[in-house]
Every structure is written in structure tokens, then in C-alpha cells.
Amino acid sequence: MAFNLIVNGEERQLDVEGDTPLLWVIRDDLGLKGTKFGCGAGLCGACTVHLNGEPIRSCSTPVEMAAGQRVTTIEGLSDDGRLHPLQQAWIDQGVPQCGYCQSGQIMTAAHLLATNASPARDDIVAAMTGNLCRCGTYTRIVAAVESVAGTQASDQKEGA
Amino acid sequence: MSMNRRDFLKVSAGTSGGLILAFTLPGCASIQTGYQSETGQWKPDAWLELNKDDTIRFTLAHVEMGQGTYTGLTTLIAEELEVDPSAIDPHFAPVAPEYRNPRFNLQLTGGSTSIASSWEPLRVAGASARQMLMMAAARVWQVDVKECSARDGKVIHPNGNESLRYGQLVELAAKETIRGDVKLKPRSEWKYIGKQNRRLDAREKSTGTAVYGIDVELPGMVYAVVSRPPRHGGKVQSFNGDHVRGLPGVLDVFEIERGVAIVADKYWRARKAQSALSVSWDFSDALDWSDDQVFDFYRAAADDDRGASERSEGNYDKAAKTSGKIIKAEYAQPFLAHVTMEPMNATVWYRGSSAEVWASTQAPDLARIAAARMTDLSPSDITVNTMFLGGGFGRRLTQDFVEEAAAISFHMRLPVKVIWSREEDIQHDLFRPAMLHRMAATMDDGRLTGWHHQIVGPKILTWFIRNAAPAQYPWAPKFMYNTLGKVGLLAEGIAVPKDMSAIEGAVGYPYNVANIDIRHTQTDPGVPITWWRSVGYSHNGFAVETFMDELAYEAGEDPYQFRRKLLASEPRHLAVLDRAAQLAAWDKPVPDGRARGIALFRSFDTYIAQVVEAGIENGAIRVYRVSASVDCGQVVNPRIIEDQIEGGILFGLSAALYGDIHFKNGEVQESNFHDYKVMSQYDRPEVAVDIVDSNETPTGIGEPGVPPVIPALGNALFALTGKRQRSLPLIADA
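Take a look at the structure:
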């Protein structure tokens, strides 16, 4: 089937089966490898992208459901070639370990800050808890989000 | 680690032989060193490449799976080379004897050895190159080299004004020869070691540009999925290949050693076609038991055979006969999966007379053997490209995913990427073995007088040797591979290191007790097993430190003080125990509904104590806080140490709270993150990490965070509920 997607601001034409998960279209048809495959069942968040600005699990979203709509991936998070403030914070805080889940983490965090510029600690935890990290970078993730939001709480982890 | 700097310099000077080779079996150096005038590139050794354009490339012999080698090892070489670590471009090593891990004589990353085994060689490499650059500059200026200095990629003239960039000196430096030892910088002059706080891979990992194995893209590449026998040991009997071959995008369906491969033009088409594949399996040699039988199997083995003595001091049997009190307990720990975030995958391109492998692998030379085994090629025909690893935890030491991609590419004569689903990743994992521990102790007048520990379960080397032994002899003909594996096992403890996987952490029991008897009863239920972050320490930690807690209560003592008294001659153990207790304010009361537990465990030569503060909330265990004190010798990157300890703690808590692989009639029951849970952002406790300032040689950091948190949590729950849990995972309503 032929589809149109607006990916990172660019109109893209595709000819794929409609039930193909958006994840594999992004990775293999569009060649954007920053979005990762983690579970294939919407359970881990590694494949998180934005569909019309909302975070979705691209591994469990058939491409036909996204037809004609706006898809944003980690590669398009910042459109002027510079880093998104969250990406800069991720670097400054040294968040990634293996790094595999971090595209998804950043996409989820970006949506959080787009809808709530100064989230409380609990808001951050609630927004981010669906994004699993096997290396255990959760503390640094919270610190990085708070550093962008300017909401560093006084109860931050010692030594951080 | 002992090492002769002069030997090393032979390599630096471009002659054959040298330290790294001296550790390995006979073979030949394959990394060309010296100056290449066409490219303006100087390779003083197997690691460094300095170029006329001032770029510096560094070959990482260890893989990056999150543990921080990319940053840590680069920091070591940068320190002595006198350049900023961020000015160095690290890349992953090809397979070559120079890059073998001297601890294992294999090119693998594991056992928390990267920094420890590189500490001296990499600093010597950096210092040697710097010295030769300085000698070259001194010759240009006609000054005494001792009067020169180096800074930020330049040699500085004694007058302090003039300087020459390393790029200007590489050609001349290559002609210099160092006589005598190279002088390493004293600790007081370090700029980066102990201070470096950034991760050099953070940028690419925050922008989606880091390339993992799963991201490899090749011209004309096709995708494959594999249907594997649902029970280990099952074999393909027949399958409906003709039907599946007609599905959209499907290029071929065929049997390989490990199952049935479906190849398609796109991953999703291969995956979709798999649902139409129907395979009849021959289960006559397959695993057939259920996990509730495994501990009975172990108990029978333990009754039958008290096991090989692994450590004996005093006379435990005599103490047991004469002692006033004997305390006994049995601990049972389940099979555990790795669940790296990046599911297993590999890409192989078989080209007739050569092949190339792209993989997130912890063992490039084992990947090469795996690919050779599945094709008509020799290891020397095969190139391995190591990519960033989306987690390793020991899983990627086994190369089954490379075997599959190699077998399929050999059949297709095309570049092939194999990707495992998460379900396949869990169900066809090689697991942390289930283990049984029988503990006994004698007490006289409240004093611990005897310690008996019988470990019951399999050893891992048996499962690992198949590719590991041939990798040590890559020139051996392939028909010898099976023999090499068998010889490798026979040589255990003689030509190859003793397999400590079942007993590590048990034999290192640190407490001062007069009569000690530690035994291992070897018994293997036939489930595929492999290394799992902290390996034997993971289960021995729970058994030893939970039983110590039980004994403290038996003695009527505070669990911290009870341990303290038995550690008078173990200053490094004692120091981290005291510091963790202090960090957690052990002597202060906890909030209502919470309790604390403590545990201390040395692993990978690193000392670590942890205090867990936990409670039960809405019927579930809640971990509020973990306080850890760690002594891993000299700190290279304090932030990465914090990260590894915190990451290890979360990894251990995932096992303590959720980890449990079940078998039913030989089939793994768990399949994805909904039924094989791992710690989430919501579950995260506050973690405080205290690092002991030390001049000792650096020791392991990737794994030691894991073992103590499991017993520390169990001990906290006992303090809270008064109910002792002797099996994992821990439950709220014990």
C-alpha cells in the first residue's frame, strides 16, 4: 500500500503493507536508526516517537494508523541541527550507559516538557516510568529532565 | 598484574614480540606498527595511531556495553599521552592476538576486568608514545629531552615559548627508541584519572547516532528470523516451507543447525511469515522437566555427593560434633534471564572466500569462531566489526546469534541480518543457573566457630568452551574444534583457569571463623547457562550474606556489629562496612513501616557494602534507599563508578524482586517485560554511593554492585517482618 508520512518535517512516500509497525518503517524503509526495537509489544518504550506531537510506541503502531500524519523521531527532535536542550542535558549529566533506550527516554521527556514546563519530581517519574532502562540510568534521567525544567529538587540523590 | 615495561617497549619500537603476546599462546602479531609515509600515520603500538593532521585514534580492545570502557580506557591513554580524552577518537578493535584479554587469553570483555587489566599497559602505551614524541622534538631543537614537557598534544620547548604539535613530530618520533623504563606520571600530576567525569559516548547516545549491531545496514542486505525448538535439545523434523516461501517478500525458508530460518526482503515480512510457519519438532532428546523439579534434583545430588572441597580450614566436621549449637539453612535461587535492551542480533556477509561479521558482541574472537563453524571459511578469512552493545551482562559472550546469521548468509550468499524478538531473546537465553545452597554453622557461647557451605549446581565453562577453546587456537583446523572443547575442559585448572563460576564469592568468605568447609556438588540440569552480571557472586552473595544475618540474630547481635567483630584482620572489608553503615545512619531509627538490612561482599577484587531501607506498600515490596560504600582501588572516573554501582543495584533488585524463569515440560514460560519484569523509573530507590579514596590498583566495577543488594534487601525484610526468606525472588507476603 502507498502511504504518505511527514517525518521530521519532510513528506515521505512509502509503499509498504499497512500493518507494518511504524518502527520498522522508520528504521528500515526510512533508514532512521535512532529509534530502537526493544520489545515489540509496547512494554519498554525504546521505540517511542511522536505522532502529531504525542508520544507513541512505534513498535505497536501499524503504519496505516499514522498515514498522512506528522512523525517526529530522535533525529528530528531539534530541527535546526542543534541539540535539543534535553539532549544537551543528557550529555552534561552523562545519562547514557549502554544508551540503547535513551532515544525513547528523550522522546518521552521532550513530550513531558512540551506539556508541562516545570514538572514536579512525581510528574517526571510518572511520565518516564514506562521507559525501561536495564542499565539503571533512572536517577540521571530525572536529574537531566529537572536541569532543563529548572526544577532541581533539594532531595536530589547524594553524589549526583 | 605484573608486567615488564621493557618487554612492552619492544612493541612500541615496532619490533616483534612484546608483552601482550608474551601472555598469549604462540601466534604472530597481526597489527602492523611503525610509520606509514603514504598516510602520514604513526602506530607506536597496537592501540595508538597518531596522524600528521593531529588526529589520534585509539583502538579499544574492550567492548562498550554501558560499563564505560570507551571513556575509562581512553582516559588512561590520554593521561599519559598528555592530551584531552575528548581529543582522542576511540574505535573498536578487530580480532587480533594483541587485543586479547590477558586474564582469559581470549579477546573478550567480561569479568569486570577492563580497567584492571588495562591500567598498566595503556598508561605505558601513552607514556611511551609521549616520550618518543618528546625525544623527537628534543632532537629537532637540539635540547635535552629531560628539559622538554608535553601538554595538550604538543611538546613544549625548555624555553616555554616554542612548541611542536604531535602531528608535526610523528614521522620523527617513529624513529626514536626508548632505552630503559618509561616513567609514568605520579598521581599528583594526573589531570584526568580520578577527575574525568564526562562520558565520551554520551553525545552519540543522546542523538540516536551511536551505531549498535541492530543498526547495521548493508547494500543488498536481507533479513532473517529463526524459529528455534521451544524446548532445548529439540530438533526439526519437518516444516511447511513451501507454503511460507510463497508469502510476500519471503526469499527462502530452510533448516539451519539451530532451527528453521525464514529470509525476507524486510524484517517485518520475515517476522510475519514466521506466524505461518509450522514446524514439527523431534523432542526425543529435549529438556522435559518443569522448574519445580529442579531443586529436588539438586537436593538428591547434594544428598548423594557432599561435593568437592573448595576450601577447608580447621576441622568443621569435628566442630559440628562437639559444638553447642548447629544452625542450618537451605537457599534456593532460580534461573535468570539477561534481557539486554537490545535484543540479540547479528549481521553476516558471506562473500565466498571471505566473510564479515557485524555484531554487538562481548567476544569478537569467539564471534569469528562461530562464523567459521557455520561456513566453509577459516577464522583468518573472517573479519569481525564490533558495534556498540545495547547491554551485555554476559549474554553476549555466547555467539549463538552470530552462528545463525553466518549459517543463513552462507546459504543465501547475501548479507543477512538476523534479529531476535524479545520473546525469543528471553526464551532462548542462556540463563544464570538456578542454584541450591546448603549452609550450616556452629556456635559456641554466641561465637561463630564453624562455617559450612555446600553449593549445588552447574559450572558454566562446560557450556562456554565450545567456541572459547578454538578461539585460543584460531589456526587449528576446524575438524579439531570439538576436540579442542573437550581438551579445554580437561585442561581446566591446568592450562586454562579453573572454572570459578559456581564457587566464586563462597570460597572468599572473609569472616574470621576457625573451622571452614566449602564444597561444590556439581550437577547440571541441562538448561543452557552462561555468565550473568556478577556470575557466581550473584547467588553466593545471597546465600552467604543472608546466612550471616541469620547467625547474627541467633547470636542476639546487631547484624552490622556481628559482621564487624569477625573482620578485624580484613581492613578493606571493614572500611566499606563501616562507611556504608554510617552513610545509612545505621544507628538511627528508620521511619515507621520500614526496616534496614546490611550486606557486605567482595567480588572482582572490589569491596562493597550496602544498606537497604525497605518496606511494604500496598502489598508490594518497596525499596526506598540503598547506601553503598565501594573500594575499587584507584578511581579513574568517579561518575562512571557511581553509575555502575547504582546500575548494579538496580540490576540486583530486578532479580531480587522479579527475576524468575520458569520451565514447564522443558519450555520457558516467560516471554516479555510484562511477565519478566525489571526495575522501572517508579521502582527506583534513592541510591547514595560513597567511594573510598585509594591508591591501590583499580579493580572491577561493572559487576560488584549486584551481589550485596539482594541479601541486603532480604535482610531488611526480615528485620521488618520477622520472616526469613530463603528463596528468590523475595515476596511481600512471606
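These protein sequence lines are chains A and B, in that order. At the far end of the first sequence sits residue 160, using our numbering, and the numbering has no gaps. At the far end of the second sequence sits residue 894, using our numbering, and the numbering has no gaps. Glycine included, C-beta positions come from ideal geometry on N, C-alpha and C.
Please tell me whether residue i has its Cβ less than 8 angstroms away from any Cβ of chain B.
i: V125 of chain A; result: yes
i: E75 of chain A; result: yes
i: L5 of chain A; result: no
i: G38 of chain A; result: yes
i: R57 of chain A; result: no
i: Q69 of chain A; result: no
i: M128 of chain A; result: yes
i: E146 of chain A; result: no
i: T72 of chain A; result: no
i: D80 of chain A; result: no
i: P96 of chain A; result: yes
i: P85 of chain A; result: no
i: S154 of chain A; result: Per-residue confidence for S154 of chain A stands at a pLDDT of 45, beneath the threshold of 50, marking its modelled position as unreliable; no derived number is given.
i: A46 of chain A; result: yes
i: R134 of chain A; result: yes
i: G9 of chain A; result: no
i: P62 of chain A; result: no
Here's the rule I'm using: 16 or more other beta-carbon atoms within 10 Å means buried, otherwise exposed. How should residue i be labelled?
i: R679 of chain B; result: buried
i: F455 of chain B; result: buried
i: P186 of chain B; result: The predicted position of P186 of chain B is uncertain, since its pLDDT is 35 and thus under 50; a value taken from the coordinates is nonetheless stated next. Label assigned to P186 of chain B: exposed.
i: N855 of chain B; result: exposed
i: L650 of chain B; result: exposed
i: T482 of chain B; result: exposed
i: C188 of chain B; result: Any reading at C188 of chain B is ruled out, since the residue's pLDDT is 48, under 50, leaving its predicted position unreliable.
i: L169 of chain B; result: The pLDDT assigned to L169 of chain B is 33, lower than 50, so where the model puts this residue is not dependable; a value taken from the coordinates is nonetheless given after this. Classification for L169 of chain B: buried.
i: K33 of chain A; result: buried
Is the shortest distance between the beta-carbon of residue i and the beta-carbons of chain A less than 8 angstroms?
i: Q841 of chain B; result: yes
i: L810 of chain B; result: yes
i: I620 of chain B; result: no
i: S698 of chain B; result: no
i: H834 of chain B; result: yes
i: I870 of chain B; result: no
i: M504 of chain B; result: no
i: W279 of chain B; result: no
i: R754 of chain B; result: no
i: A370 of chain B; result: yes
i: F818 of chain B; result: Looking at the sequence itself, residue 818 of chain B is Tyr, so the reference to Phe does not match. Not one chain A Cβ lies under 8 angstroms of Y818 of chain B.
i: V750 of chain B; result: no
i: A636 of chain B; result: no
i: A362 of chain B; result: yes
Under the DSSP definition of a beta bridge, which residues are partnered with residue i?
i: N4 of chain A; result: A:Q13
i: T543 of chain B; result: B:E516
i: A759 of chain B; result: B:Q770
i: M603 of chain B; result: B:K485 and B:L608
i: G419 of chain B; result: B:I416
i: D442 of chain B; result: B:K395
i: G775 of chain B; result: B:R754 and B:R782
i: I654 of chain B; result: Looking at the DSSP assignment, I654 of chain B forms no beta bridge with any residue, so it has no partner.
i: G194 of chain B; result: B:K203
i: H251 of chain B; result: B:T219
i: Y383 of chain B; result: B:A424 and B:K577
i: W623 of chain B; result: DSSP output for W623 of chain B lists no bridge partner at all.
Suppose the cutoff is 6 angstroms on Cβ atoms and the five residues either side in sequence are ignored; what does the same chain contact list for residue i look like?
i: V695 of chain B; result: S661
i: G271 of chain B; result: none
i: G394 of chain B; result: W441, F443 and A446
i: T151 of chain A; result: S118
i: D677 of chain B; result: S472, Y476 and H612
Quick one: what's got a C-beta closer than 7 angstroms to residue i's C-beta in the same chain, skipping five residues either side?
i: T184 of chain B; result: Low per-residue confidence applies at T184 of chain B: pLDDT is 30, beneath 50, and the placement is therefore not dependable enough to give any value.
i: P539 of chain B; result: R528, I529, A532 and P634
i: V656 of chain B; result: G648
Spatial neighbours of residue i within its chain, please: C-beta separation below 8 angstroms, excluding the five flanking residues on both sides.
i: D213 of chain B; result: G200 and G327
i: E952 of chain B; result: Because residue 952 of chain B is not part of the residues shown, which for chain B are 161 to 894, the question remains open.
Could you confirm whether any beta carbon from chain C is found closer than 8 angstroms to the beta carbon of residue i?
i: A41 of chain A; result: Among the chains of the structure shown, chain C does not appear; the protein chains present are A and B.
(message) Using a Cβ-Cβ cutoff of 7 angstroms, what residues of the segment 770–804 of chain B are near chain A? List them in chain order.
(response) R799, E802 and D803
(request) Pull out every residue of the segment 101–124 of chain A whose Cβ sits closer than 7 angstroms to any Cβ of chain B, in chain order. (result) C101, Q102, S103 and I106
(message) Along the segment 534–555 of chain B, where does the CB come closer than 9 angstroms to a CB of chain A? Name the residues.
(response) F548, L549, G550, G551, G552 and F553
(request) Mind checking the segment 411–434 of chain B against chain A and listing, in chain order, the residues whose C-beta falls within less than 7 angstroms of any C-beta there? (result) K426, Y427 and W428
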